[in-house]
Structures are given as C-alpha cells and as structure tokens.
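Here the protein sequences come in this chain order: A and B. Sequential numbering of the first sequence, starting at 4, is according to the working numbering. Sequential numbering of the second sequence, starting at 4, is according to the working numbering.
There are 2 protein chains.
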Amino acid sequence: MRYVLLVSYDGTHFCGFQKQKKERTVQSELERAAFEIFGAETKVAGSGRTDAGVHAEGQVCHLDAETNIPAEKLRECFNRILPPDLRVLKSAAAPEGFDCTRSAKRKTYCYSFYFAESELPLLERYAVRIKEKPDLERMQRAAVLIEGEHDFKAFCASGSSAKTSVRTVYSVRLTERGGLYEIRITGNGFLYNMVRIIAGELIAVGCGKEEAITAAFESGERKALAKTMPAKGLRLVEAEYGVKLFETASEE
Amino acid sequence: MRYVLLVSYDGTHFCGFQKQKKERTVQSELERAAFEIFGAETKVAGSGRTDAGVHAEGQVCHLDAETNIPAEKLRECFNRILPPDLRVLKSAAAPEGFDCTRSAKRKTYCYSFYFAESELPLLERYAVRIKEKPDLERMQRAAVLIEGEHDFKAFCASGSSAKTSVRTVYSVRLTERGGLYEIRITGNGFLYNMVRIIAGELIAVGCGKEEAITAAFESGERKALAKTMPAKGLRLVEAEYGVKLFETASEE
Numbered sequence: 004m005r006y007v008l009l010v011s012y013d014g015t016h017f018c019g020f021q022k023q024k025k026e027r028t029v030q031s032e033l034e035r036a037a038f039e040i041f042g043a044e045t046k047v048a049g050s051g052r053t054d055a056g057v058h059a060e061g062q063v064c065h066l067d068a069e070t071n072i073p074a075e076k077l078r079e080c081f082n083r084i085l086p087p088d089l090r091v092l093k094s095a096a097a098p099e100g101f102d103c104t105r106s107a108k109r110k111t112y113c114y115s116f117y118f119a120e121s122e123l124p125l126l127e128r129y130a131v132r133i134k135e136k137p138d139l140e141r142m143q144r145a146a147v148l149i150e151g152e153h154d155f156k157a158f159c160a161s162g163s164s165a166k167t168s169v170r171t172v173y174s175v176r177l178t179e180r181g182g183l184y185e186i187r188i189t190g191n192g193f194l195y196n197m198v199r200i201i202a203g204e205l206i207a208v209g210c211g212k213e214e215a216i217t218a219a220f221e222s223g224e225r226k227a228l229a230k231t232m233p234a235k236g237l238r239l240v241e242a243e244y245g246v247k248l249f250e251t252a253s254e255e
Numbered sequence: 004m005r006y007v008l009l010v011s012y013d014g015t016h017f018c019g020f021q022k023q024k025k026e027r028t029v030q031s032e033l034e035r036a037a038f039e040i041f042g043a044e045t046k047v048a049g050s051g052r053t054d055a056g057v058h059a060e061g062q063v064c065h066l067d068a069e070t071n072i073p074a075e076k077l078r079e080c081f082n083r084i085l086p087p088d089l090r091v092l093k094s095a096a097a098p099e100g101f102d103c104t105r106s107a108k109r110k111t112y113c114y115s116f117y118f119a120e121s122e123l124p125l126l127e128r129y130a131v132r133i134k135e136k137p138d139l140e141r142m143q144r145a146a147v148l149i150e151g152e153h154d155f156k157a158f159c160a161s162g163s164s165a166k167t168s169v170r171t172v173y174s175v176r177l178t179e180r181g182g183l184y185e186i187r188i189t190g191n192g193f194l195y196n197m198v199r200i201i202a203g204e205l206i207a208v209g210c211g212k213e214e215a216i217t218a219a220f221e222s223g224e225r226k227a228l229a230k231t232m233p234a235k236g237l238r239l240v241e242a243e244y245g246v247k248l249f250e251t252a253s254e255e
C-alpha cells in the first residue's frame with residue numbers, strides 16, 4: 004500500500020533532502036522514523052531533492068508499507084519520532100499509480116531577500132540580505148522574460164543529470180512587504196539550482212545589471228548570468244499533482 | 004558623551020536582555036563589544052529588559068564613552084564584534100539629557116501565533132502554535148477592553164518591582180496573514196509579563212473562554228486570566244521617545 008505525506012522542514016541544519024552516508028538529511032530522518040513505525044526498511048521518496056539549507060513548506064513524499072495504522076494517523080506517528088525541524092503536516096493513502104517524483108505537474112518555489120545596511124537577525128534565517136536597494140520595476144520587466152517554455156540550460160549548475168533542459172515557467176511573481184522581498188516561481192519542473200540562478204539574475208538586474216536572460220536562452224551559457232543566490236533564502240512552497248492528495252482539514 | 008544604539012536580536016539563544024553572572028545575555032554581549040571598542044568598562048542600558056527568549060526588532064540602548072569614532076560609525080564597530088544573532092542597526096549621538104530607560108514615551112510589542120494540527124517548522128522559531136482556531140471577532144471585542152488607562156495589577160507576574168501598576172495601552176491590533184496571527188500592542192509602558200498575559204487572555208477568549216478582563220481590572224487578581232504565553236512568540240518592535248534619534252537612512 005502506498006502512502007503520501009505532506010512534509011515541512013527548516014533546512015538550516017539539514018544537508019538537503021537526499022540520503023547521504025553520514026550527513027543529516029530529510030530523507031534519512033524520514034526513513035529512520037518509518038523504520039521505527041513499520042518495523043521494516045522503508046524508502047521514502049520526495050517530489051524533488053532540495054539542496055542543503057533549502058527549506059520546505061510543502062514537500063510531497065511517498066512510501067510503501069504494510070500496516071494497520073489508518074493513513075491519516077501516520078502524521079502523528081511520524082511526528083512523535085521526527086526532530087522538531089521536520090514535520091509531517093498531512094498523511095493519506097496515495098491515489099492509484101501515484102509517484103511523488105514522477106507525477107508532479109507543477110512546483111512552486113519562493114526566494115526571500117531583504118535590503119538593509121546591517122544583517123537583520125529576525126530575517127537572517129530564511130532570507131538573504133542584499134546591499135543595494137533593488138528597483139522592483141526593473142526586476143518585474145526581467146521576470147516576464149523568464150515566463151514561458153524555454154531551454155534553461157544556462158540557468159543550471161554543472162553536474163545536472165536532466166535529460167532535457169527545456170522547462171515551462173508558468174509565473175514569476177515579485178512582492179515586497181515590510182522590507183521583505185519575495186520571488187515566487189511556478190513551473191513544470193526545475194533544473195539544478197535553477198531557481199537560485201533566476202533569483203540571482205533578477206536581483207542583480209534590480210540592482211542595475213543589464214539583463215542577460217534572452218541572450219542566455221540563446222547561448223545556453225551560464226557565465227553571462229549573475230551568481231547563484233545562497234540556499235537559505237529558498238523554500239519549496241508546493242508540489243502539485245492535478246489531483247487532491249489530502250482531505251482538507253476542518254480548520255481550512 | 005552619550006550615544007544611542009538601535010539594536011535587534013533573535014532572542015532564542017539569549018537569557019534575556021539583562022546582564023547575569025554566567026548566562027549569555029544581550030546586555031553582556033553589548034558590554035563585551037563596547038569594552039573592546041572603547042578600551043574601558045562601558046555600561047550599556049536598554050529601553051527595557053526583555054525576558055529570556057523574547058526577540059527585538061528595535062530595542063533602543065545608550066552608553067557613555069569618550070571616543071574619536073564618529074557616532075554613526077559605531078554601528079559597524081559593534082557589528083564586527085557582535086555574534087550574528089545580535090546587531091546594531093543604527094548608532095547616533097544621543098540628544099541632550101537622553102536616557103533610553105527613563106525617557107521612553109511609548110513601546111510597541113508584537114505577539115505572534117498560528118493555528119495548526121502539527122507544528123510548522125518554518126513558523127516555530129518566532130511564533131507559538133495554538134490547537135484551536137481562534138475567533139478573531141471575539142478576540143477583537145476583548146482587545147478593545149484592554150485599551151485605555153487601567154490598573155494592570157492582574158496582568159503582571161509576581162516579582163515585579165514597579166511602583167504603580169497603572170498603565171495606558173494606546174492600541175491593541177489583531178491581524179492575520181497566511182495563517183500567522185499577530186497581536187500588536189502599543190502602550191506607555193508594560194509590567195512584567197504584561198504583554199504575554201494579555202496575549203494569553205485574548206487567545207483564550209478567541210478559543211471560547213469567557214473574558215475576565217474587566218473583572219480583573221477591578222479585582223487585581225491574576226488568577227481569573229488565562230495563562231502567560233511562551234516567550235518566543237513575543238518581540239519588542241519599537242521604543243519611541245518623542246524625538247528623532249536616528250537620521251533616516253537613504254534607503255527608507
């Protein structure tokens with residue numbers, strides 16, 4: 004029987020999602036808890052592998068297990084075992100044929116940053132400070148260029164194993180509230196470091212750099228674009244599957 | 004010469020503002036940095052003593068020192084020494100006769116909380132989870148009762164050394180955004196634990212408790228009110244002095 008989990012984590016002290024030999028990762032903590040719950044080695048898959056330091060509001064995971072525990076009770080079973088920076092928010096039986104990695108239709112990431120002369124201790128954990136005040140209108144004009152189907156080869160860190168670098172970005176939204184800026188990007192999939200490279204280019208353009216987006220789509224060359232932004236400003240907001248995975252809780 | 008500092012900290016790993024013999028506090032970290040900068044024992048006073056775990060967006064401090072360092076450069080000098088969870092955001096020469104503790108005219112605190120079935124790792128650091136969905140209208144009706152000049156004796160933890168428990172609360176504002184609730188309170192001063200007791204009573208009323216505010220003003224008895232909320236949801240937003248302490252930076 005396959006189960007689906009909605010998972011949230013503060014990525015600060017995780018070496019990313021994917022299991023590693025020695026490091027503390029989200030997958031290894033989930034699999035350790037699953038072993039305790041089901042009494043058997045249990046692989047936990049994720050909608051995607053977030054990097055070390057990247058956070059998640061709504062990572063979707065699945066696992067296969069034989070158990071009498073009702074699907075919706077798995078949430079509590081996991082949370083009794085998991086460390087406080089990792090929580091299962093919802094659990095359910097997976098739809099027929101569901102695969103959290105392969106079935107994802109859309110993902111949304113958010114990149115957070117702020118402008119200030121000194122670091123702001125209450126923002127530093129989940130956002131990155133920039134040293135110039137960005138021009139949101141310039142950023143907005145560049146953001147529009149990202150939207151649509153493009154070959155994002157130039158927006159990918161080396162070492163990616165993706166078969167094709169063509170992706171569709173459905174929307175790039177910029178907001179500012181109380182000095183905290185957010186870039187929210189929804190697409191059908193993302194290459195390695197793609198959101199952090201897009202964020203870096205948009206922020207650099209906001210701070211006066213000439214945009215190199217259109218040229219980068221044509222050349223496929225990483226070097227014309229600005230630098231990759233740090234992991235801690237990034238969070239996976241949502242993975243969507245075109246089907247309802249969880250009963251809406253009574254509170255919503 | 005007296006200098007004034009605008010200070011922000013993540014209170015998670017501080018045992019409060021006030022210096023203690025062995026514990027890590029905001030005041031002791033500031034005084035340690037001041038000693039290094041000025042080469043002499045330097046007392047750093049604060050607008051008020053925040054408790055262990057309470058955060059500050061804008062704590063106001065002062066110190067007396069003889070130095071050739073321009074006042075506005077003190078910010079950088081402190082930040083080169085201070086730990087990352089404590090930052091001086093602005094520094095300036097203090098106005099004539101200024102005392103950050105005695106001259107404060109108004110202070111604003113904010114209490115943050117959220118409702119969810121499981122802890123949300125990305126909110127847990129600066130907000131407190133409650134287990135029932137609060138009724139904001141009920142909370143709003145109770146909040147109005149707090150406003151005005153009252154004897155807040157019942158809203159004070161034992162051990163307070165204040166001469167009088169009469170205070171004026173100028174406003175209590177409730178907001179909700181993306182599931183995060185905030186109670187923002189501005190007053191001419193606050194007793195020990197007063198904001199956390201007010202927050203506890205308002206949240207309890209939002210979750211169905213009958214309000215005991217008016218009766219508590221009359222009786223002065225703590226016990227009719229709900230329990231004190233935890234420190235981590237509280238932050239000192241601002242201390243106001245009726246004079247402009249800092250030049251507005253070019254970015255604002």
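Built from N, CA and C at the ideal position, the CB exists for glycine as well.
query: Among the residues of its own chain, which have a CB less than 7 Å from the CB of V175 of chain A, if the five just before and after it don't count?
result: The count along the first sequence starts at 1 and reaches residue 175 of chain A at position 172. So the qualifying residues of the chain are A146, I149, E150, I186, I188.
task: Note down, in chain order, each residue of its chain lying with its Cβ closer than 7 Å to the Cβ of D138 of chain A, except the 5 sequence neighbours on either side.
output: For the purposes of this step, residue 138 of chain A is identified with residue 135 of the first sequence, where counting begins at 1. The residues are G209.
field: Beta carbon of A131 of chain A nearer than 9 Å to that of S121 of chain A
entry: Walking along the first sequence from the start, residue 131 of chain A turns up at place 128. Walking along the first sequence from the start, residue 121 of chain A turns up at place 118. Per the sequence shown, the amino acid found at residue 131 of chain A is Val instead of Ala. The criterion of a C-beta distance shorter than 9 Å is not satisfied by V131 of chain A and S121 of chain A.
message: Please return the same chain residues whose Cβ sits closer than 6 Å to the Cβ of E26 of chain B, not counting the five positions on each side in sequence.
response: Stepping through the second sequence from its first residue, residue 26 of chain B is reached at position 23. Contacts found: C18.
message: Measuring straight from C-alpha to C-alpha, what distance separates E254 of chain A and S164 of chain B?
response: In the first sequence, counting from the first residue as 1, residue 254 of chain A sits at position 251. In the second sequence, counting from the first residue as 1, residue 164 of chain B sits at position 161. Confidence in E254 of chain A is poor, its pLDDT being 41 and thus under 50, which makes the residue's placement too unreliable to answer from.
- request: Please classify L228 of chain A: does DSSP put it in a helix, a strand, or coil?
  value: Against the first sequence, residue 228 of chain A aligns to sequence position 225. Three-state result, L228 of chain A: coil.
task: Would you please verify whether the beta carbon of L183 of chain A is less than 9 Å from any beta carbon of chain B?
output: In the first sequence, residue 183 of chain A corresponds to position 180, counting from 1. With 9 Å as the cut-off, L183 of chain A does not count as an interface residue toward chain B.
- prompt: Any Cβ of chain A within less than 9 Å of the Cβ of L92 of chain B?
  reply: Translated into the one-based positions of the second sequence, residue 92 of chain B becomes position 89. By this cut-off, L92 of chain B is an interface position.
query: In terms of residue numbering, what span does the beta strand (DSSP E) encompassing F118 of chain B cover?
result: As a first step, residue 118 of chain B is located in the second sequence; it is residue number 115 there, counting from the start. 109-118 is the span of the beta strand (DSSP E), which, as asked, contains F118 of chain B.
For Q62 of chain B, the three-state DSSP class (helix, strand or coil): Walking along the second sequence from the start, residue 62 of chain B turns up at place 59. Here Q62 of chain B sits in strand by DSSP.
query: Start and end of the alpha helix (DSSP H) containing V246 of chain B?
result: Along the second sequence, one-based indexing puts residue 246 of chain B at 243. Where V246 of chain B is concerned, there is no enclosing alpha helix (DSSP H), given that its DSSP letter is neither H nor E.
- prompt: Which class does I40 of chain B belong to by DSSP, given the choice of helix, strand or coil?
  reply: Locating residue 40 of chain B in the second sequence gives position 37, where the first residue counts as 1. Of the three classes helix, strand and coil, the one that applies to I40 of chain B here is helix, per DSSP.
message: Am I right that T231 of chain A and G203 of chain A are in contact with their C-beta atoms under 8 Å? What's the rounded C-beta distance?
response: As a position in the first sequence, residue 231 of chain A is number 228, starting the count at 1. As a position in the first sequence, residue 203 of chain A is number 200, starting the count at 1. With a Cβ gap of about 5 Å, T231 of chain A and G203 of chain A count as contacting.
- prompt: What three-state label does DSSP hand K93 of chain B in the structure shown?
  reply: The residue labelled residue 93 of chain B in the question sits at position 90 within the second sequence. Residue state, collapsed to three classes: strand.
task: Pick helix, strand or coil for L126 of chain B, following the three-state DSSP scheme.
output: Position 123 of the second sequence holds residue 126 of chain B. Three-state result, L126 of chain B: coil.
Where A48 of chain B falls: helix, strand or coil (DSSP): Counted from its first residue, the second sequence places residue 48 of chain B at position 45. Looking at A48 of chain B - three-state DSSP - the assignment turns out to be strand.
field: Interface partners of H58 of chain A on chain B, CB under 9 Å
entry: Counted from its first residue, the first sequence places residue 58 of chain A at position 55. Identification of chain B residues near H58 of chain A by a Cβ-Cβ cut-off of 9 Å yields P124, L125, ordered along the chain.
- prompt: Going by DSSP, what residues sit across from Y184 of chain B in a beta bridge?
  reply: Stepping through the second sequence from its first residue, residue 184 of chain B is reached at position 181. Answer is B:F116, B:E179.
- prompt: Sorted by chain position, which residues of the same chain lie with C-beta nearer than 6 Å to A242 of chain A's C-beta, five sequence neighbours on each side aside?
  reply: Locating residue 242 of chain A in the first sequence gives position 239, counting from the first residue. So the qualifying residues of the chain are S50, V63, A107, K110.
query: For Q30 of chain B, is the classification buried or exposed, using 16 other Cβ atoms within 10 angstroms of its Cβ as the cut-off for buried?
result: What you label residue 30 of chain B is simply residue 27 of the second sequence in a count that begins at 1. By the neighbour-count rule (16 or more Cβ atoms within 10 Å), Q30 of chain B is buried.
message: Considering only the alpha carbon of each residue, which of A:V57, A:A207, A:A96 lies closest to I133 of chain A?
response: Counted from its first residue, the first sequence places residue 133 of chain A at position 130. Comparing Cα positions, the closest option is A:A207.
- request: Keeping to the same chain, check which residues put their C-beta closer than 7 Å to that of C80 of chain B; ignore five residues upstream and five downstream.
  value: Working through the second sequence from its first residue, we reach residue 80 of chain B at position 77. Taken in chain order, the residues that qualify are I40, I72.
- request: Determine, using beta carbons only, whether R191 of chain A comes closer than 9 Å to chain B.
  value: Position 188 of the first sequence, counting from 1, holds the residue named residue 191 of chain A. Per the sequence presented here, residue 191 of chain A reads as Asn, with Arg not at that position. Interface criterion not met: the Cβ of N191 of chain A is under 9 Å from no Cβ in chain B.
query: Under the three-state reduction of DSSP, which class applies to I201 of chain B: helix, strand or coil?
result: Walking along the second sequence from the start, residue 201 of chain B turns up at place 198. If DSSP states are grouped into helix, strand and coil, I201 of chain B belongs with the helices.
- request: Spatial neighbours of P98 of chain B within its chain, please: CB distance less than 6 Å, with the 5 preceding and 5 following residues excluded, ordered by chain position.
  value: Residue numbering aside, residue 98 of chain B sits at position 95 when the second sequence is read from its first letter. For P98 of chain B, where only same-chain residues beyond five positions count, the Cβ hits under 6 Å are V246.
- prompt: Alpha carbon to alpha carbon, how far is V169 of chain A from L228 of chain A?
  reply: Position 166 of the first sequence, counted from the first residue, corresponds to residue 169 of chain A. Position 225 of the first sequence, counted from the first residue, corresponds to residue 228 of chain A. Rounded to whole angstroms, the gap between the alpha carbons of V169 of chain A and L228 of chain A is 18 Å.
message: With H, G and I counted as helix, E and B as strand and the rest as coil, what does DSSP make of V208 of chain B?
response: Within the second sequence, residue 208 of chain B is the residue found at index 205, counting from 1. Here V208 of chain B sits in helix by DSSP.
- prompt: Among B:T104, B:Q21, B:E34, B:N196, which one has its Cα closest to the Cα of I84 of chain B?
  reply: Translated into positions along the second sequence, residue 84 of chain B becomes position 81. For the residues B:T104, B:Q21, B:E34, B:N196, the minimum Cα distance to I84 of chain B belongs to B:E34.
field: Beta-carbon neighbours of S11 of chain A, restricted to chain B and to distances below 7 Å
entry: Numbered from its first residue, the first sequence carries residue 11 of chain A at position 8. Going along chain B in sequence order, the residues near S11 of chain A (Cβ under 7 Å) are L123, P124, L125.
field: Identified DSSP bridge partners for Y6 of chain B
entry: Numbered from 1 along the second sequence, position 3 holds the residue referred to as residue 6 of chain B. The partner list for Y6 of chain B (beta bridge, DSSP) reads B:L66, B:A96.
field: Residue-level contact to chain B via CB, L148 of chain A, 9 Å cutoff
entry: Start at 1 with the first residue of the first sequence, and residue 148 of chain A comes out as number 145. Contact with chain B is absent for L148 of chain A, since none of that chain's Cβ atoms lies less than 9 Å from the residue's Cβ.
message: Less than 9 Å between the C-beta atoms of E60 of chain A and L177 of chain A, yes or no?
response: For the purposes of this step, residue 60 of chain A is taken as residue 57 along the first sequence, with counting starting at 1. For the purposes of this step, residue 177 of chain A is taken as residue 174 along the first sequence, with counting starting at 1. No, they are not a contact pair.
query: Within the 9 Å Cβ cut-off, does E241 of chain A reach chain B?
result: The sequence position of residue 241 of chain A within the first sequence is 238, counting from 1. Not an interface residue.
task: Verify the CB distance criterion: does I129 of chain A have a CB-CB separation below 9 Å to chain B?
output: Here residue 129 of chain A corresponds to residue number 126 of the first sequence, with the count starting at 1. At residue 129 of chain A the sequence reads Tyr, which differs from the Ile that was named. So, interface residue.
Rounded C-alpha distance that separates A68 of chain A from G42 of chain A: Position 65 of the first sequence, counted from the start, is the residue given in the question as residue 68 of chain A. Position 39 of the first sequence, counted from the start, is the residue given in the question as residue 42 of chain A. Each residue's Cα considered, the two are about 10 Å apart.
query: Hey, quick one: how far does the beta strand (DSSP E) through V131 of chain B stretch, first residue to last?
result: On the second sequence, residue 131 of chain B is found 128 positions in, with the first residue counted as 1. First-last of the beta strand (DSSP E) with V131 of chain B: 131-133.
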